[in-house]
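Student: Structure in structure tokens, see below.
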Amino acid sequence: MTQLRITGGAIHDPANDIDGDVRDICIDNGRIVASLPADAPVLRADGMVVMAGGIDIHAHVASASVTLGRRLLPEEHALDPSAAPGLDDGTIPRSGTGGTVPSTFTTGYRYAGLGYTTVFDAAVAPASARQTHAEFDDTPIIDGGFFALLGNDEYLHRQIAANEIGRAKDYAAWVLESTGGYAIKVVNPGGIELWKRNVRLVNTLDDPVGASNVTPRRILEVLAGAANDLGLPHPVHIHCNNLGVAGNVAMTLESMRALEGRRAHFTHLQFHSYGGERGKSWSSAARQVAEYVNGHSEVSGDVGQVMFGDATTLTADGAVEYLLHMSTGRKWVNSDIELETGCGIVPYNYKDKAAVAALQWVVGLELFLLSTDPWRMVLSTDHPNGGSFMSYPDLIRLLMDRAYRDEKLKSVNQKMLAGSALADGITREYTLNEIAIITRAGPARQLGLSHKGHLGVGADADITIYTRDADYAKMFSTPRYVLKAGTLVVEEGQLRRAPSGQRIFVQPGYDDALLRDLGKYFESYSTIQLANYPVTGLRDTPVATGAR
Amino acid sequence: MSDRITLTLRAPLERPLEADAIAPDRLATLGAREISALQLWDGRNAIALGDVLSVSGERSQTVVLEGDLTMLHLVGSTMVAGTLEIAGSAGNGLGARMSGGAIRVQGSAGDDAGSAMSGGSMVIDGDAGDRAGGALQGASKGMTGGEIVVRGSVGRDTGTRMRRGILCCGAAGTGAGLGMIAGNIIVAGVIGEGVGAGNKRGSIVALGGVSVPQTYAYACTYRPPHLSLMLLSLRARYALPVDDAHLHGLYKRHSGDMAEIGKGEILEWQAT
Amino acid sequence: MNGPARVEENVVCLGCGCACDDIAVVIDGGRISEARNACPLGLRWFGDGTLPGAVLGGRSAAIEDVVEEIADVLHSARAPLVYLAPDLTSEAQRAAVALADQLRAFVDGVTSATAAEGILAAQRRGRAGATLGEIRNRADVLVFWAVDPALRYPRFRSRYAPDPVGVHVPAGRAGRTVIAVDVGSQRGPDDADVRIQMTAAEETLFFASLRGSLAGRSLGGAPIVARVTELANRLTRAKYAVIVADGEPSPQSATPATMRADSLIALTQSLNTNTRAALCTLRAGGNRNGMDTVLTWQTGFPMAVDFSRGAPRYTPEDAALSRLARGSFDAVLVVGSAAALPDAVADALRGVRAIVIGPRASESTMNASIRVDTGVASIHESGMAFRTDDVPLPLHAVLPTPRDTASLLKALGSAIAAKAGAA
């Protein structure tokens, strides 16, 4: 189907200032166009809600670490078999398993079934990037990209130690180019390297990481600078130090201030917005973080909402996972990776009757509800860390339906909620356009994807059409139609087609002089030949970088 | 509505079939024709239940199976209520992941009987195969509730990672009660090697002698008061061959597994 | 085809799980005349690179016809098995798993026959591990538990540890303490700095005593406690301790594989309470880790996957070997190097009529009805393979393949889809 006119639907396209107007959307050859011949095929969407396809700015779906998680969870998979869908586009449908970390094909089908058409994997070890590409190849429908882990990389730290900031930037560019990555990711800057040295907590942004001038602060500055100098479409994507620790808001705000005036994205802020004191007390510090973000237009964030139920904590931040393993007694994977990064995994269950889980749930909702600019505080659960992406519809209902939210709030453990903004009462309800912002338009803007997240002429024809329902969880969990690049993948609520998605990556370019020095480093310390490091043969076109 | 549904094997099975459709709670609302139309699985092919089993009765929570059912697997798996009586021997995966109801087998059962069971009861007059009352691969907990009584012997790896519940058997193969977290395993006769390895908590009661693993430490010899109550109750409910000497006798308590937290126990009955 | 001699650099050797990627292969006259840097095991694995290119057993020798014929056999089977042998690219493994899914077959490979216990233990407990680069650059204490890598993983020590210098081990071998744990006849390296010996019968108690001592509990008699104390002290004083074990222990081992696999994981995890520690599990060659990894991302399970009911089910307790022994399958497709199958698997497969697609399939002694020669991953076929630590490496073929395995399997998938559609 190359041409299609969607008629009668209420268009929610905040990027183009359209808020529920009934208009036609014309599609030709996978893109949105201004008009079509009068006899073009029509899809009637009368009474329905039309949005761009959803964009997940931060999830863990396609990487060596995710597959370590999959391998760890046969008992979850055994309880959630997923039969191959009945497709009628000639592709051979695939079965799989679900749970909190579904198999690749099931991941693609389920995201598309929710109306999501673009997903970024937020943490890929550069050495295993080729596996991420292979997994994305086996994740149908969705367009995929990933962020390359750089904050604990030995070679990068050496450049910072030697004050070779230009070479650090070239190295970051080389890593993105070699891996086919999209953005620079920093997880617990310096803290993963310290964990490998048996130092388990970063006390300040100025703690030395080996060399005295390599500190979390410098790592953040250098990588934020690199991303901005390279003109990457997405700024540095930061998972702050001390995730999940009481009182970590001080570190989070200090990290933000360290980069004041520079573009930066702070991820799963819920996990970094706790007051109180380590080992003593917990409280919500969402208001402080939201206020900072509200007042600084160069900063964006995603929430990393916790949803009650099963989750799998899966992160490059290995030290956190050790603590979680010890506190829960659950099984634990740690993998230290090639002087680059790490990985820790522990299955987890957020119980609404547990005090900390209830606090986390509240902190996340407060970040949503206290942020004045939804464009810069977008939706995520840090899937599968705070909960599965399958819980997004319920999260949307919590944001849109105050009565539902307040009722739920009453049922959770109240021990740590005293004084929290949500407990004091927040009346705000998200509008449909605000939901469109935090689930597609906002992520697209933060990611610098000009052709996604909106329904204007020239945009990719990734479109989701919902049947209105007073129960927003139901409305958003079962879209009536989903189009991906103009192909109807969901029809009458059923998955019907599963085209391959595209890869979203950058090729920012670097000074070849880097390779001489890097070659020496590889010869001295690497277990992989430099020539074998880069991923080759990427199809699709890179997203442009440069002056913004 | 009948007082029972009887499913009778039409002809001896040549190949294994999967029959997870057969569970009393799922049959309770169905008429005979609907029951006959349920699917059984022969490898990757579905076949109608009625082609394999004749159906008499309908809409009952009591289901009786007749014939040599050793190649009929997964009967009663995930059942939540009702009564399943097997007038013969059952195949593998009998009552796997069941959460309620009662299964009674006049003959023996295959492997994985009551695997990952969370409630209900299963009584097997004959023997059971390997991994009775076992765990899903990778699951931290095996059986989390319910009771399994096997009057004959069980194979290897019985009651792995049991979290709650009771499992009684006449004799047990190697690796009984691996990695128990809690719960009780009671063996009337012989127990194989490797009993209780990796246990955190839980009780293994050996009425017929046991070779205590090296990783258990002798604690004391005493009359465990809770044990006589439990044995009395089991004797009353399941007619177990427990005699007064077991109820009132002395037991050696061995603590283990010392490689783990060592809070489990093997209670070894002392014949006088 | 046979131009002048050329050298292909940075070729990956899949002779064992070390997957050394620094091999310089010299091609002369269409053959491999040299494989520089390769160990003896690697040299054997590369051979001269020549392969038969036959298609045997079909009614016609035309590959298109044979694909149709194989599709017929598999499509009409009641209970097919797809069995993954070594030497496949991960692209071929992906295509093979796809085929199994499409056929609702049982899919398995050598992992379940040789290395299942370590994987199952890791599914119960998780695992504290590290990639080989981290071990090279950080490990100051290395324990070789009942394994001498010189035997089956020859370049492990020179490429990864203990020999090379590392960022945090600038003195290389001299900066590391190597501890050999000898269990009965399974010995650690000869040149270890420290030897700890035990009989096979002692191993269970030794583990329990060692783990107990780390948790502050004493267990076992004086002779064991003395050895346990020495090892525990060295491990807890390490900055970064690595325990190396064989992920494919010989079936003759006296120790139950489950116990050792489980204990090694629990031991390494608990060492991380006070210091840092990682377990390194050595796997054999031919991209075995790739099979587990591909199966895991596609199905959620690393081996022994039953698609018969339309979605993956995991049956490692009843894997391909025991199913073959019961005669469960009426059609078997073996993909990969049949000659590299473990004896037990080769014997079990001999009892069924099989179709073999793989390198030297035409020379296979199996009871195969149809045999199609393809190439060896990395030598003749490009793609990706996984090292023993699950790090993926690129494969760049140095010689032409008789026919590309992944493409052939995809063609087979299309042929089967056409039959399913027509039915």
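Protein chains in written order, with my numbering: chain G, 1 to 548; chain A, 549 to 820; chain X, 821 to 1243.
In this text, a Cβ means the ideal position worked out from N, Cα and C, and glycines have one as well.
Would V893 of chain X and S1189 of chain X qualify as a contact pair, given that the criterion is a beta-carbon distance under 9 angstroms?
Tutor: For this step, residue 893 of chain X is matched to residue 73 along the third sequence. For this step, residue 1189 of chain X is matched to residue 369 along the third sequence. Cβ atoms of V893 of chain X and S1189 of chain X: closer than 9 angstroms.
Student: According to the Cβ coordinates, are I999 of chain X and V961 of chain X closer than 9 angstroms?
Tutor: As a working note, residue 999 of chain X is residue 179 in the third sequence. As a working note, residue 961 of chain X is residue 141 in the third sequence. In contact: I999 of chain X and V961 of chain X (Cβ atoms closer than 9 angstroms).
Student: For I587 of chain G, I'd like the list of residues in its chain whose CB is within less than 8 angstroms of its CB, leaving aside the five on either flank, ordered along the chain.
Tutor: This structure cannot settle anything about residue 587 of chain G, because the visible part of chain G is limited to 1 through 548.
Student: Quick one: does K169 of chain G have its CB under 9 angstroms from some CB of chain A?
Tutor: For this step, residue 169 of chain G is matched to residue 169 along the first sequence. No, K169 of chain G does not count as interfacial toward chain A.
Student: Thinking C-beta only, is V743 of chain A closer than 9 angstroms to G718 of chain A?
Tutor: Numbered from 1 along the second sequence, position 170 holds the residue referred to as residue 718 of chain A. Numbered from 1 along the second sequence, position 195 holds the residue referred to as residue 743 of chain A. No, Cβ-Cβ distance for G718 of chain A and V743 of chain A is not below 9 angstroms.
Student: What did DSSP end up calling Y764 of chain A once you bin it into helix, strand or coil?
Tutor: Residue mapping note: residue 764 of chain A aligns to position 216 of the second sequence, counting from 1. The three-state secondary structure of Y764 of chain A, taken from DSSP, is coil.
Student: What's the C-alpha gap between R592 of chain A and L1229 of chain X?
Tutor: Numbered from its first residue, the second sequence carries residue 592 of chain A at position 44. Numbered from its first residue, the third sequence carries residue 1229 of chain X at position 409. R592 of chain A and L1229 of chain X: Cα-Cα distance of roughly 21 angstroms.
Student: Out of curiosity, what's the CA-to-CA distance linking P140 of chain G and Y109 of chain G?
Tutor: Translated into positions along the first sequence, residue 140 of chain G becomes position 140. Translated into positions along the first sequence, residue 109 of chain G becomes position 109. Answer to the nearest angstrom: the Cα atoms are 7 angstroms apart.
Student: At 7 angstroms on the CB atoms, spell out the chain A contacts of P81 of chain G, in chain order.
Tutor: On the first sequence, position 81 is the one that residue 81 of chain G refers to. Those within 7 angstroms of P81 of chain G in chain A number zero; the least Cβ separation is about 12 angstroms.
Student: Over the uninterrupted beta strand (DSSP E) stretch that includes E491 of chain G, give me the two end residues.
Tutor: Along the first sequence, one-based indexing puts residue 491 of chain G at 491. That run of the beta strand (DSSP E) goes T487 to E491.
Student: With a threshold of 9 angstroms between beta-carbons, can E75 of chain G be considered close to chain A, or not?
Tutor: Against the first sequence, residue 75 of chain G aligns to sequence position 75. Interface criterion met: the Cβ of E75 of chain G is under 9 angstroms from a Cβ in chain A.
Student: Given this structure, state the Cα-to-Cα distance separating A1077 of chain X from L940 of chain X, to the nearest angstrom.
Tutor: Position 257 of the third sequence, counted from the start, is the residue given in the question as residue 1077 of chain X. Position 120 of the third sequence, counted from the start, is the residue given in the question as residue 940 of chain X. Cα to Cα, A1077 of chain X sits roughly 11 angstroms from L940 of chain X.
Student: Counting only runs that start and end within the region 705-788 of chain A, where is the alpha helix (DSSP H) found for 4 or more residues in a row?
Tutor: 773-786
Student: Checking contacts by CB at 9 angstroms: is G1130 of chain X closer than that to chain A?
Tutor: Walking along the third sequence from the start, residue 1130 of chain X turns up at place 310. True, the Cβ-Cβ gap to chain A drops below 9 angstroms.
Student: Within the 9 angstroms Cβ cut-off, does A687 of chain A reach chain G?
Tutor: Residue numbering aside, residue 687 of chain A sits at position 139 when the second sequence is read from its first letter. So yes, A687 of chain A belongs to the interface.
Student: Beta-carbon within less than 8 angstroms of D700 of chain A's beta-carbon, same chain only, minus the 5 sequence neighbours each way: which residues are those?
Tutor: Taking the first residue of the second sequence as position 1, residue 700 of chain A is located at position 152. Note that residue 700 of chain A corresponds to Gly in the displayed sequence, not to Asp. Excluding residues within five positions, the ones whose Cβ falls inside 8 angstroms are S656, I672, D673, G674, D675, A676, C717, G718 and A719.
Student: Taking contact to mean at least 3 C-beta pairs separated by less than 8 angstroms, is the region 367-374 of chain G in contact with the region 279-291 of chain G?
Tutor: yes
Student: Please tell me whether L620 of chain A has its Cβ less than 9 angstroms away from any Cβ of chain G.
Tutor: Within the second sequence, residue 620 of chain A is the residue found at index 72, counting from 1. It does not: the Cβ of L620 of chain A has no partner Cβ on chain G nearer than 9 angstroms.
Student: To the nearest angstrom, report how far apart P564 of chain A and A981 of chain X are at their CA atoms.
Tutor: Here residue 564 of chain A corresponds to residue number 16 of the second sequence, with the count starting at 1. Here residue 981 of chain X corresponds to residue number 161 of the third sequence, with the count starting at 1. The alpha-carbon atoms of P564 of chain A and A981 of chain X are separated by roughly 50 angstroms.
Student: Please compile the residues from chain X whose C-beta is within a distance smaller than 9 angstroms of the C-beta of A754 of chain A.
Tutor: The residue labelled residue 754 of chain A in the question sits at position 206 within the second sequence. Under the 9 angstroms cutoff, chain X gives no residues; its nearest Cβ is about 19 angstroms from A754 of chain A.
Student: Shorter than 9 angstroms from the beta carbon of K351 of chain G to some beta carbon of chain A?
Tutor: Walking along the first sequence from the start, residue 351 of chain G turns up at place 351. So no, K351 of chain G is outside the interface.
Student: Using a Cβ cut-off of 9 angstroms (strictly closer), state whether D819 of chain X contacts chain A.
Tutor: This structure leaves residue 819 of chain X out entirely; chain X is present only between 821 and 1243.
Student: Only counting runs of 3 or more residues, tell me where the beta strand (DSSP E) segments fall wholly within the region 976-1009 of chain X, in order along the chain.
Tutor: 997-1003
Student: Step through the CB atoms of chain G and report whether any lies within less than 9 angstroms of the CB of L588 of chain A.
Tutor: Position 40 of the second sequence holds residue 588 of chain A. Using beta-carbon distances, L588 of chain A does not count as an interface residue toward chain G, since no partner is under 9 angstroms.
Student: Starting from the C-beta of E828 of chain X, find all residues in its chain whose C-beta is less than 6 angstroms away, skip the five residues before and the five after it, and write them out in chain order.
Tutor: Position 8 of the third sequence, counted from the first residue, corresponds to residue 828 of chain X. V845 and V1218, listed in sequence order.
Student: Would you tell me roughly how many angstroms separate the C-alpha atoms of V886 of chain X and S880 of chain X, rounded to the nearest one?
Tutor: For this step, residue 886 of chain X is matched to residue 66 along the third sequence. For this step, residue 880 of chain X is matched to residue 60 along the third sequence. Spanning the two alpha carbons is a distance of roughly 7 angstroms.
Student: Exposed or buried, E1022 of chain X, counting other C-beta atoms within 10 Å across all chains shown (16 or more means buried)?
Tutor: In the third sequence, the residue the question calls residue 1022 of chain X occupies position 202. It counts as buried.
Student: Using CA coordinates, which residue listed in A:G662, A:S759 and A:A635 is at the minimum distance from S647 of chain A?
Tutor: For the purposes of this step, residue 647 of chain A is taken as the residue at position 99 of the second sequence. That would be A:G662, whose Cα lies nearest to the Cα of S647 of chain A.
Student: Count the other CB atoms, across all protein chains shown, that sit within 10 Å of the CB of L417 of chain G; report buried if there are 16 or more and exposed otherwise.
Tutor: Working through the first sequence from its first residue, we reach residue 417 of chain G at position 417. Looking at its Cβ environment, which holds 16 or more other Cβ atoms inside 10 Å, L417 of chain G is buried.
Student: Between which two residues does the beta strand (DSSP E) carrying D1193 of chain X extend?
Tutor: As a first step, residue 1193 of chain X is located in the third sequence; it is residue number 373 there, counting from the start. Residues A1188 to D1193.
Student: DSSP beta-bridge partners for T631 of chain A?
Tutor: By 1-based counting over the second sequence, the position of residue 631 of chain A is 83. The partner list for T631 of chain A (beta bridge, DSSP) reads A:T610 and A:A650.
Student: Could you check the C-alpha separation between H774 of chain A and G419 of chain G for me, to the nearest Å?
Tutor: Here the question's residue 774 of chain A lines up with position 226 in the second sequence. Here the question's residue 419 of chain G lines up with position 419 in the first sequence. Rounded to the nearest angstrom, the two C-alpha atoms are 48 angstroms apart.
Student: Can you tell me whether L586 of chain A is buried or exposed, with buried defined as 16 or more other CB within 10 angstroms of its CB?
Tutor: The residue given as residue 586 of chain A occupies position 38 in the second sequence. With 16 or more other Cβ atoms within 10 Å, it is buried.
Student: By the criterion of Cβ-Cβ separation under 9 angstroms, what are the contact partners of W865 of chain X in chain G?
Tutor: Here residue 865 of chain X is taken as the residue at index 45 of the third sequence, counted from 1. Correct list: empty, because the minimum Cβ distance to chain G is about 18 angstroms.
Student: So R468 of chain G contacts chain A; which residues on that side make the cut at Cβ distance below 9 angstroms?
Tutor: In the first sequence, residue 468 of chain G corresponds to position 468, counting from 1. Result: empty, since nearest Cβ-Cβ is about 34 angstroms, beyond 9 angstroms.
Student: For V22 of chain G, count the other beta carbons within 10 Å of its own beta carbon; 16 or more makes it buried, fewer makes it exposed. Which is it?
Tutor: Here residue 22 of chain G refers to the residue found at position 22 of the first sequence. That one is exposed.
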